[in-house]
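If you read the sequence shown in the numbering used here, its first letter stands for residue 574, the second for the next number, and so on.
Positions of the beta carbon are idealized from the N, C-alpha and C atoms, including for glycine.
Here is the structure we will look at.
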Amino acid sequence: MAIKWLDAEQVNQLLVTVEKRKGLIGQRDTVIVRLLWETGMRIDECLSLTTADVNLDRKEIKIRRAKRNKSRTVAWRNERTTELLREWLAVRPESDYVFPIVRGPGRGGEASKGNKIPTNSWRGEMKRYVQQAGLPPWVSSHNLRHSFAMYMLDRGMLLPELQVLLGHSDMSTTGQYVAVHNKQALSRAKSIMDNF
């Protein structure tokens, strides 16, 4: 698996682009992208969240529908994300899902009661945001997960801790991030020494 990730500037470009979208869809999509980046959730996990899974006070999400039927808890710390999620939950169309389909005039309106966003529909939305942000065409929701992992490693998170957050059952899956991280460090060291 080739791991590609965004740097902080690219993540910010994407967030700014998504936040420009008006209406309920813009509000919903902003929260989705922020949570994907800040928690490392898989897109299917995010779109399957119900209101019972979210604890705003603790800034935690219980992922019950994780890969291989294992549950885990992830957290975010950004106050702006908490505020946006709180606002979204207050105005979102009635549904058990945190991120239901939104329908209506110009798609700024109401939801199809109870239905979650299909993953393929989200992929189309994400592709448009990526294009509008001027990011490389390979960028997807899963790259936000990779970006989260690389960001955590850059800041000293231990591999077993990252494994828990990402929900990997096998350490070798998480270890791929370390291999990429080490290659990047070696490349940087060579570049620095070339200028010596």
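- Straight-line Cα distance separating M725 from P733: Locating residue 733 in the sequence shown gives position 160, where the first residue counts as 1. Locating residue 725 in the sequence shown gives position 152, where the first residue counts as 1. One C-alpha to the other measures close to 12 Å.
- Item | Rounded C-alpha distance that separates E633 from A625 | Working through the sequence shown from its first residue, we reach residue 633 at position 60. Working through the sequence shown from its first residue, we reach residue 625 at position 52. Spanning the two alpha carbons is a distance of roughly 11 Å.
- Work out the CA separation of G697 and L588 for me, nearest whole Å. What you label residue 588 is simply residue 15 of the sequence shown in a count that begins at 1. What you label residue 697 is simply residue 124 of the sequence shown in a count that begins at 1. If you take the alpha carbons of L588 and G697, they lie about 16 Å apart.
- Would you say the segment 599-614 touches the segment 712-723, given that touching needs at least three Cβ pairs under 8 Å? yes
- Item | Where K635 falls: helix, strand or coil (DSSP) | Numbered from 1 along the sequence shown, position 62 holds the residue referred to as residue 635. In the structure shown, K635 sits in a strand (DSSP, three-state: E or B).
- Please classify G681: does DSSP put it in a helix, a strand, or coil? Locating residue 681 in the sequence shown gives position 108, where the first residue counts as 1. The pLDDT assigned to G681 is 47, lower than 50, so where the model puts this residue is not dependable, and the model offers no usable value.
- Task: Give the secondary structure of K763 by DSSP, where H, G and I count as helix, E and B as strand, and everything else as coil.
- Result: One-based indexing of the sequence shown puts residue 763 at position 190. The answer is helix: DSSP assigns K763 an H, G or I state.
- Task: Check the DSSP bridge columns for T624 and list the partner residues they point to.
- Result: On the sequence shown, position 51 is the one that residue 624 refers to. According to DSSP, T624 bridges with nothing at all.
- Message: Pop quiz: G570 and F721 are said to be a contact at Cβ under 8 Å. What is the actual Cβ separation, rounded to whole angstroms?
- Response: For residue 570 there is no data in the structure shown, the boundaries of the chain being 574 and 769.
- Item | Continuous alpha helix (DSSP H) assignments of at least 4 residues falling wholly in the segment 677-738 | Runs of the alpha helix (DSSP H) inside the segment 677-738: 692-705 and 714-727.
- Using alpha carbons as the reference points, say which of I690, G740 and G748 lies closest to N642. Locating residue 642 in the sequence shown gives position 69, counting from the first residue. Closest option to N642, Cα to Cα, is G740.
- Message: Once the 5 residues before and after G748 are set aside, which same chain residues still bring their CB inside 7 Å of it?
- Response: Position 175 of the sequence shown, counted from the first residue, corresponds to residue 748. Answer for G748: L732, listed in chain order.
- Message: Tell me the DSSP secondary structure of I674 in three-state form.
- Response: As a position in the sequence shown, residue 674 is number 101, starting the count at 1. Reduced to three states, the DSSP call for I674 is strand.
- Would G679 be called buried (16 or more neighbouring beta carbons within 10 Å of its own) or exposed? As a first step, residue 679 must be located in the sequence shown, where it is residue number 106. Low local confidence applies: a pLDDT of 48 at G679 is under 50, so the model's placement there is unreliable, and no value is given.
- Query: Can you tell which of R659, N628, M699 and W661 has its C-alpha closest to the C-alpha of T646?
  - Reply: Here residue 646 corresponds to residue number 73 of the sequence shown, with the count starting at 1. Taking only the C-alpha atoms, the option nearest T646 is N628.
- Query: Which term fits K593, buried or exposed, when burial requires 16 or more other beta carbons within 10 angstroms of its beta carbon?
  - Reply: Taking the first residue of the sequence shown as 1, we reach residue 593 at position 20. Exposed.
- Counting only the same chain and skipping the five closest in sequence on each side, list residues whose C-beta sits under 7 Å from that of K577. Residue numbering aside, residue 577 sits at position 4 when the sequence shown is read from its first letter. Taking K577 as the centre and dropping the five residues before and after it, the same chain places the C-beta of W711, N716 and H719 closer than 7 Å to its C-beta, in chain order.
- Item | Coarse secondary structure for R594, derived from DSSP in three states | Here residue 594 corresponds to residue number 21 of the sequence shown, with the count starting at 1. It is coil, neither helix nor strand.
- Given a cut-off of 8 Å, decide if W695 and L597 are closer than it, judged by their beta-carbon atoms. Translated into the one-based positions of the sequence shown, residue 597 becomes position 24. Translated into the one-based positions of the sequence shown, residue 695 becomes position 122. Contact: no.
- Under 7 Å Cβ to Cβ from G681, same chain only, skipping five residues before and after it: list those, please. The residue given as residue 681 occupies position 108 in the sequence shown. Caution is warranted here: a pLDDT of 47 is assigned to G681, below 50, making its placement in the model unreliable, and the coordinate value is therefore given only provisionally. K595, G596, L597 and I598.
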